[in-house]
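In this note's numbering, the protein residues as written are 22 to 265. Here a beta-carbon is modelled for each residue, glycine too, at the ideal position from N, C-alpha and C. Every value quoted in this text rests on a predicted model; they were computed, and no experiment measured them.
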């Protein structure tokens, strides 16, 4: 498990936040730090991830190395390489067959509250045991005291509802997990083989986000971009300049 997989795993927790019935008052963005220790095929050290969430899209930045944009309406995931100015796109409703079969075989999402409580970074948190894949197990601490949790729940629910029936997510019990988790992810530890991946919440901010964050820049061209750093996935590129 590398930084990409860890960050995407954390992004998955956006899909399992609790339900809200009111409308979101603002967009939300947050920043996390990932610390890798003795994970095979990865260097020890830390990196920063930035998440931007609205009612229609999610943007994930992995330092300056890679950007992902998920369009809730079109069910398309864009992978951008800022250095090469290339992008690829994956249609979640029509993924490459080998990718769908592979993910269905090795990936699952199981979350269960343990009843354990702890104060982390000033937040009263509850612990959930997490199983992300056949070789990734760990724990995530959630808190409903994090500022912006209301917006996080609303927007996360919209995102979960948008993608839960797509080919890549239909076998994951996203909405069922909504009933078991009630908080913003503050701290997580994943155990991968003989290594560990820690993820810590740094800051959260509620504000209106620039729509340009969810647009593929005009100077980017279609090309091959890895979906995840741990395993090369060449996506079929298409010409697209905006996430609608």
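Mind reading off the beta-carbon distance from residue i to residue j? Whole number of angstroms is fine, and I expect it under 8 Å.
{"i": "residue 15", "j": "residue 172", "result": "Residue 15 lies beyond the stretch modelled for the chain, which goes from 22 to 265, so this question has no answer here."}
{"i": "residue 223", "j": "residue 52", "result": "4 Å"}
{"i": "residue 292", "j": "residue 207", "result": "For the chain, the structure presents residues 22 to 265; residue 292 sits outside this window and is missing."}
{"i": "residue 113", "j": "residue 96", "result": "4 Å"}
What residues match up with residue i in a beta bridge as DSSP calls it?
{"i": "residue 243", "result": "108"}
{"i": "residue 52", "result": "71, 224"}
{"i": "residue 164", "result": "205"}
{"i": "residue 66", "result": "57"}
{"i": "residue 159", "result": "151, 211"}
Near residue i, what residues of its chain come up, given a Cβ to Cβ distance below 6 Å and the 5 sequence neighbours on each side ignored?
{"i": "residue 148", "result": "135, 137, 160, 162"}
{"i": "residue 131", "result": "152"}
{"i": "residue 139", "result": "146"}
In its own chain, which residues sit with a C-beta less than 8 Å from the C-beta of residue i, not counting the 5 before and 5 after it?
{"i": "residue 260", "result": "Confidence is the limiting factor: at residue 260 the pLDDT is only 28, short of 50, which leaves the residue's position unreliable and the question unanswerable from this model."}
{"i": "residue 164", "result": "141, 144, 145, 146, 147, 170, 204, 205, 207"}
{"i": "residue 100", "result": "87, 88, 89, 108, 109, 110, 111, 246, 247, 248, 256"}
{"i": "residue 231", "result": "none"}
{"i": "residue 226", "result": "49, 50, 51, 169"}
{"i": "residue 65", "result": "57, 58, 59"}
Tell me which same chain residues have a C-beta within less than 7 Å of the C-beta of residue i, skipping the five on either side of it?
{"i": "residue 221", "result": "53, 54, 208"}
{"i": "residue 240", "result": "106"}
{"i": "residue 67", "result": "54, 55, 56"}
{"i": "residue 85", "result": "103"}
{"i": "residue 234", "result": "73, 80"}
{"i": "residue 229", "result": "47, 48"}
{"i": "residue 69", "result": "52, 54, 84"}
ask   = Residue ranges of each alpha helix (DSSP H) run of no fewer than 4 residues wholly in the region 68-150, ordered along the chain?
value = 118-127
key: Contiguous alpha helix (DSSP H) assignments of at least 4 residues, all confined to the region 193-240   = 195-199
message = Closer than 8 Å is the cut-off here; do at least three beta carbon pairs connect the region 204-218 with the region 145-163?
response = yes
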